[in-house]
Each structure stands twice: as structure tokens, then as C-alpha cells.
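Chains as they are written, first to last, in the numbering used here: chain A, 1 to 131; chain B, 1001 to 1275; chain C, 2001 to 2081. Inspection log for the structure reproduced underneath, given as C-alpha cells.
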Amino acid sequence: MTDLISTVVAKYNYWIYITLMMIGLYAMIAKNNLVKKIVGMNIFQTAIILFYVSIGVKKGGTIPILEHAHGHEHHVVHAVDYINPLPHVLMLTAIVVGVATLGVALALAIRIYNNYNTLEEDEILTQVREK
Amino acid sequence: MRIIGLIIVVVTGALLIYAATDFPAWSDPASPASTYLSPYYIEKTMEETSVPNIVTAVLADYRGFDTMFETTVIFSAGVVCFFLLRIPRREEPEIRYYRHVLTGVTIQLKEGYKIPPSADFERIDAVWTPPDLIIKTGCRILIPFIQLFALYVIAHGHHSPGGGFQGGVILGASIILLAISHDLRTAVRRMSEKLIAILCAVGVSIYAGTGALCLLLKQNFLDYSALAGVLHVDPITARSHGILMVEIGVGIAVMATMIWIYNNISSAGRYRQGL
Amino acid sequence: MIWPIDLAILTLVVIASIGALMVKDLLGAAILFGAYSFMMCLLWSIMGAVDVAFTEASVGAGVSTVFFVAAVFRTSRRTKD
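The structure is reproduced here in C-alpha cells:
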């Protein structure tokens, strides 16, 4: 029992990341307004990026920019001193692709509003079924 | 829909929580992510590329293909926004509104007529808000410094956090600031629509062109050590300079895309009036 | 890695995200989304991911919020849900 409690407390960050992801997923499925769905999509994306970046943290490591780079020529670099830079690289691409997706989604929302004069999903569906 | 949403969320959350009990403890130096591949990149970056910022080196050199196609994705997002929203109205004559500066009288001209630019009449939008002198002057002083900082971020991406994306977004944000503090017509007069579209394509072409140049110099695609002959430096420094060239291409493409998407969204495609 | 700061900012992030989805004014949702982006940027700075934090600060809390406000300006501002 106590080691269950200690596991729950030690991994508190994973539970909060999973909570954030589920908030975003619920908003994408269950909200009626299109802009709220787009906000939910962005919350989901940033929560996943947060999870990936947290994998690379090392206790006692510093940021992934090499010190003493151009002063000493043959300075030995220990991988233990720096945190893992590989998730950062992948997540940089993910953030920029996220903002591109946001631009396209908002353009689609404006076109839908021009056509149906509303942004609520149930009103749009009734208008589409009437036609 | 809410019940289905709740059920899906609870089931997925339970599965994820069950899987998360198996994860290594947070910030453990002996976790599999920290011992498998990353020590090679941390130890070998300086002696192979002479770029201290490991993230920039991996992004632009070791994983250059990903970044090239990401730039292409950004460019295609700008093109999609343009195609979805833009309504060309070149043939319809428009109604113009003018305001006499001294007395404050607003006049509306018939379609197709216009007043030549003079100091007495200023042109206003249909939904007109009074121009705020503090905001206009403050932003006009700030924008050159923002652009200078953005150029610093692009050029200094080897030694400090930064690089092509961040600098490109800040450059685009400076023109968006111009469009918000003055009106959209001023920003479009500074950077016309055709120039933005051409810049977007030029940015992607610089990136692919650098790779093709390395191919023409008898090395692999995007292998920057081939530039050692052209630039008359040793191959390690040539990789550093190749990274700088592709970062400049990425910065130009991202800047043009941000401005393009903002212009199309804030005017809903008509380019008459912005925010 | 100072865990009290981490826990406090994570709680603020969850509160901002739930707030952005519950308000009935879309402009308020856009501004709360900007605040959520800024809290994310702080989290990544604490974890040592400075490049990711820089990108999120400029892209998420800058340009993304402006896109949202521009889109809300062109469509309606009230929502029933």
C-alpha cells in the first residue's frame, strides 16, 4: 500500500500530463462551438509536446548548449552534464506545424461562418439536413 | 455526444494511466532515453560541426530533411489559407470614405471616385476607430528594434537559444504589429501581397537550393561539408556556415507565411480592412 | 528541478485550460488560451528546454493568440456553449 502511494506521488507529473491530454480530447469531441474545438485541439497538441520534453530532463544536467566551446580546443564533453536534446528537436517541428494547422483551421471556420452564419455545430447540421 | 465523449475520455485516460505506471522515474540519469542515443550527439557535435547549440546542430544538420519538409508544410499552410479565403475584387469599383481632418466631417464618395492623396483628407475604413497617437508613435519607434532583435536571433542561433524559426516568427510579428497599430492598408503598402508570396517560395528554395548545391559539388544531398571548396574553409567550419544558410532560408519562409496568414484571416480575404 | 514551482505552474495550466473551454465569450477564450501558452513556456524554461520555450513564447503566446482574436473578430463573439 505504501509503495503504491509513493509511486503515485513520485510520478505526479505524468498524471497531470494525462489530465491535460484528456481535457483537450474531451473538448474536441463534445463541445458544440467550432472555435472551442480548435482550442481543444491546441491544448491536446501542447500537452503531448509537454510530455515529450519532460522525458529529456536529467537530474543535475544543464541546458543543451555546450560551455567552453571556442576557448579550449580539446575540452572533453561528458554527456552526463547536459540534458537530452533530442526531444527538443522533434518538438520544435511539432510546435511550428501546430501553428500552421491552427491557421488552416481558423480559415475553414471563417468560410463556414460566411456560408451558414453560425458557428454552433448543431445549427449547422440542421441547416445542412434541410437543404 | 457528451456521454460518448466522457466514455472515450475515461477509457483512454485509464489506459494511459495504467501504461504510465511503467515509466522510469522523472529526471533519472539512467533512463533509457538518456543513455541510448543522445550521448553521441552531445559529445560529437562540437568536433563535427563546431556549433555549440546542440539543438540547432541536430535540427539543421543531422536531421536536415525533417526541417526542409517542415518548411514546406509551413509554406503549404500559407498557400491553403490564401486559396480558401482570398476573394479578388479587382473589377468592382469600391465605395471610399474620407474624413476632413480639420473639421471632422466624413464624406462618402460614389463608386469609382477617389480623392488624390492630400493633407486635408484622410481615408478611413467603413468601421472607423479614431487613431491613437500614442499607439501609432510608440509602435513606429519600436518596430525597427524588433526587427533588429529578430535578425540577431537568426544569426546568433549557433551560440544561444534561437535559430531560424524563432527569428522568422518575430520578424513576421513586427509587420503584424504594423498592421494592428496603423491599419491593414499601411502594412500592405509596406509589404505588398505579391512580395510576401514570392518571399515565401524563396525561403523554401534557399533551403532546397543549398542541398542541391551540395549535390552538385559531388557529395550527398544536404551534406554541408561539400561547401568547403566554395567557401575556402575546412569542412567542419563549412558545416557551420551551411547551417547558417539554411536557417536564413527558414526564417524568410516563416516570416512570409505568418504575415500572409494574418492578412487573409483578419480581413476575411477582402483586404479592405483589418482588425 | 524545484518541485513546488513545477506543481504550482502545472495547476495554473490546468485551471487556464479548463477556463478557456468554459467561458461563453470567445474573446475571453482566446485570451485565456494565450495565458495557457505562456504558462507552458514557463514550464519548459524550468525543465531546461530553452529553445522550445523561445519558440512557444513567440509562436503560441504571440502569433497564435493574434490569429484567434482576428478570427473571432470576423465571426461571432457569443456562444451558447
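For every residue, glycine included, the Cβ atom is placed at its ideal position computed from N, Cα and C.
Inter-residue spacing [alpha-carbon to alpha-carbon] between residue i and residue j
{"i": "residue 1037(B)", "j": "residue 80(A)", "result": "13 Å"}
{"i": "residue 1043(B)", "j": "residue 1004(B)", "result": "50 Å"}
{"i": "residue 1051(B)", "j": "residue 1174(B)", "result": "28 Å"}
{"i": "residue 1221(B)", "j": "residue 1215(B)", "result": "5 Å"}
{"i": "residue 2019(C)", "j": "residue 1166(B)", "result": "28 Å"}
{"i": "residue 1218(B)", "j": "residue 1226(B)", "result": "7 Å"}
{"i": "residue 124(A)", "j": "residue 1109(B)", "result": "38 Å"}
{"i": "residue 1190(B)", "j": "residue 1184(B)", "result": "10 Å"}
{"i": "residue 1061(B)", "j": "residue 1073(B)", "result": "19 Å"}
{"i": "residue 59(A)", "j": "residue 2002(C)", "result": "11 Å"}
{"i": "residue 2051(C)", "j": "residue 1055(B)", "result": "8 Å"}
{"i": "residue 118(A)", "j": "residue 1133(B)", "result": "36 Å"}
{"i": "residue 1249(B)", "j": "residue 128(A)", "result": "44 Å"}
{"i": "residue 92(A)", "j": "residue 1102(B)", "result": "52 Å"}
{"i": "residue 1243(B)", "j": "residue 96(A)", "result": "19 Å"}
{"i": "residue 1159(B)", "j": "residue 1(A)", "result": "49 Å"}
{"i": "residue 1048(B)", "j": "residue 1069(B)", "result": "24 Å"}
{"i": "residue 1172(B)", "j": "residue 1196(B)", "result": "11 Å"}
DSSP-derived helix/strand/coil call for residue i
{"i": "residue 1221(B)", "result": "coil"}
{"i": "residue 1108(B)", "result": "strand"}
{"i": "residue 1074(B)", "result": "helix"}
{"i": "residue 116(A)", "result": "helix"}
{"i": "residue 1018(B)", "result": "helix"}
{"i": "residue 1140(B)", "result": "helix"}
{"i": "residue 82(A)", "result": "strand"}
{"i": "residue 1061(B)", "result": "helix"}
{"i": "residue 1103(B)", "result": "coil"}
{"i": "residue 1257(B)", "result": "helix"}
{"i": "residue 2078(C)", "result": "strand"}
{"i": "residue 62(A)", "result": "strand"}
Beta-carbon contacts of residue i that lie in its chain and below 8 Å, excluding the five residues immediately before and after
{"i": "residue 2040(C)", "result": "2013, 2056 and 2060"}
{"i": "residue 2024(C)", "result": "2078, 2079, 2080 and 2081"}
{"i": "residue 1114(B)", "result": "1096"}
{"i": "residue 86(A)", "result": "56"}
{"i": "residue 32(A)", "result": "120, 121 and 122"}
{"i": "residue 42(A)", "result": "24, 98 and 102"}
Sequence-distant residues of the same chain with beta carbon closer than 7 Å to residue i, five excluded per side
{"i": "residue 57(A)", "result": "83"}
{"i": "residue 1231(B)", "result": "1238 and 1241"}
{"i": "residue 1275(B)", "result": "1180 and 1266"}
{"i": "residue 1200(B)", "result": "1075, 1078, 1253, 1256, 1257 and 1260"}
{"i": "residue 1202(B)", "result": "1252"}
{"i": "residue 1228(B)", "result": "1234, 1235 and 1238"}
{"i": "residue 1082(B)", "result": "1260 and 1264"}
Residue range of the alpha helix (DSSP H) that includes residue i
{"i": "residue 1189(B)", "result": "1184-1190"}
{"i": "residue 1207(B)", "result": "1193-1216"}
{"i": "residue 1099(B)", "result": "Here residue 1099(B) belongs to no alpha helix (DSSP H); instead the beta strand (DSSP E) covers 1097-1100."}
{"i": "residue 1039(B)", "result": "1038-1049"}
{"i": "residue 40(A)", "result": "34-55"}
{"i": "residue 1129(B)", "result": "Element bounds for residue 1129(B): n/a, residue is neither H nor E."}
{"i": "residue 1032(B)", "result": "1032-1035"}
{"i": "residue 2047(C)", "result": "2026-2047"}
{"i": "residue 2051(C)", "result": "2050-2058"}
{"i": "residue 121(A)", "result": "121-130"}
{"i": "residue 2005(C)", "result": "2003-2022"}
{"i": "residue 1231(B)", "result": "1228-1231"}
Cβ shell of residue i (< 6 Å), same chain only, five flanking positions each side left out
{"i": "residue 1124(B)", "result": "1097 and 1099"}
{"i": "residue 2069(C)", "result": "2030"}
{"i": "residue 1153(B)", "result": "1162, 1166 and 1167"}
Range of the contiguous beta strand (DSSP E) that encloses residue i
{"i": "residue 1159(B)", "result": "Where residue 1159(B) is concerned, there is no enclosing beta strand (DSSP E), given that its DSSP letter is neither H nor E."}
{"i": "residue 67(A)", "result": "Residue 67(A) -> no beta strand (DSSP E), and no H or E assigned at all."}
{"i": "residue 1124(B)", "result": "1121-1124"}
{"i": "residue 26(A)", "result": "Taken as a continuous stretch (DSSP letters only), residue 26(A) belongs to no beta strand (DSSP E), being part of the alpha helix (DSSP H) at 12-30."}
Top-ranked residue by Cα proximity to residue i, from the options
{"i": "residue 1057(B)", "options": "1029(B), 1107(B), 1196(B) and 1241(B)", "result": "1241(B)"}
{"i": "residue 2067(C)", "options": "118(A), 23(A) and 99(A)", "result": "99(A)"}
{"i": "residue 1065(B)", "options": "1149(B), 1268(B), 1209(B) and 1139(B)", "result": "1209(B)"}
{"i": "residue 1148(B)", "options": "1158(B), 1169(B) and 1135(B)", "result": "1169(B)"}
{"i": "residue 63(A)", "options": "2046(C), 2033(C), 2021(C) and 2002(C)", "result": "2046(C)"}
{"i": "residue 1104(B)", "options": "1162(B), 1244(B), 1120(B) and 1024(B)", "result": "1120(B)"}
{"i": "residue 1140(B)", "options": "1273(B), 1158(B) and 1176(B)", "result": "1176(B)"}
{"i": "residue 2036(C)", "options": "2015(C), 2073(C) and 2054(C)", "result": "2015(C)"}
{"i": "residue 1085(B)", "options": "77(A), 90(A) and 115(A)", "result": "115(A)"}
{"i": "residue 2008(C)", "options": "12(A), 75(A) and 52(A)", "result": "12(A)"}
{"i": "residue 36(A)", "options": "53(A), 105(A), 111(A) and 131(A)", "result": "105(A)"}
{"i": "residue 1026(B)", "options": "7(A), 112(A) and 75(A)", "result": "7(A)"}
{"i": "residue 1207(B)", "options": "1192(B), 1164(B) and 1273(B)", "result": "1164(B)"}
{"i": "residue 9(A)", "options": "1135(B), 1031(B), 1131(B) and 1021(B)", "result": "1021(B)"}
{"i": "residue 2054(C)", "options": "1188(B), 1245(B), 1246(B) and 1157(B)", "result": "1157(B)"}
Residue i CB to nearest heavy atom of the ligand PLP below 8 Å
{"i": "residue 114(A)", "result": "The model on display carries no ligand, and the ligand PLP is accordingly not part of it."}
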